[in-house]
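In what follows, a single structure is set out as structure tokens and then discussed.
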Amino acid sequence: MINENLWYAYSQVKLVFPTTSIKGDFVIITAWNPRSLRLSEDENRRNNRHLQQALIDYDLIEIIVGNDDFSWYEESFAVVMPVTKAVVLANQCAQNAFYYVQDGQLILQSCLDHQRFNLGSLSSKITSP
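For the sequence shown, the residue numbers in the UniProt record's numbering are 1 to 129.
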């Protein structure tokens, strides 16, 4: 089970999309900060390049996921892929959780157990850079 403080932090998310966005259902996944242990930007970007190679066959865009003031952020990917596949990839990247969008709702999904939480509409979580 994910630490209560981490789960709360994960739920207080804001998203920055480029000018284009993915339509329909998709997952949001990263390889930054495995197990929520902060790494250098170089290490995180290297990890994300490896993840991007695993996503080569999927439609994706790069996005930023962070807290309200973006004092914490992670470069991430919005990817059209099944949630079951995202669970596998997130676990391979040692992530505690990831997000997915279903019917316009942003869902926080634990990788450590079956815990999930509906964070509300995706549009309410999107902000400008």
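Even glycine gets a Cβ: it sits at the ideal position worked out from N, Cα and C.
- Per the coordinates, the alpha-carbon of A97 lies some 12 Å from the alpha-carbon of W32.
- Looking at the DSSP output, V83 shares a beta bridge with no other residue.
- Here I126 has L15 and F17 as same chain residues with Cβ atoms under 7 Å from its own Cβ, once five neighbours each way along the sequence are excluded.
- Within the same chain, N67 and D68 come within 8 Å of Q12 by CB-CB distance, once the 5 residues on both sides are set aside.
- Take L6, set aside five residues on each side of it, and the residues of its chain with a beta-carbon closer than 7 Å to its own are S36 and N96, in chain order.
- Taking the Cβ atoms as the reference, V65 lies roughly 7 Å from T30, within the contact range of under 8 Å.
- Distance from the CA of L106 to the CA of R116, rounded to the nearest whole angstrom, comes to 10 Å.
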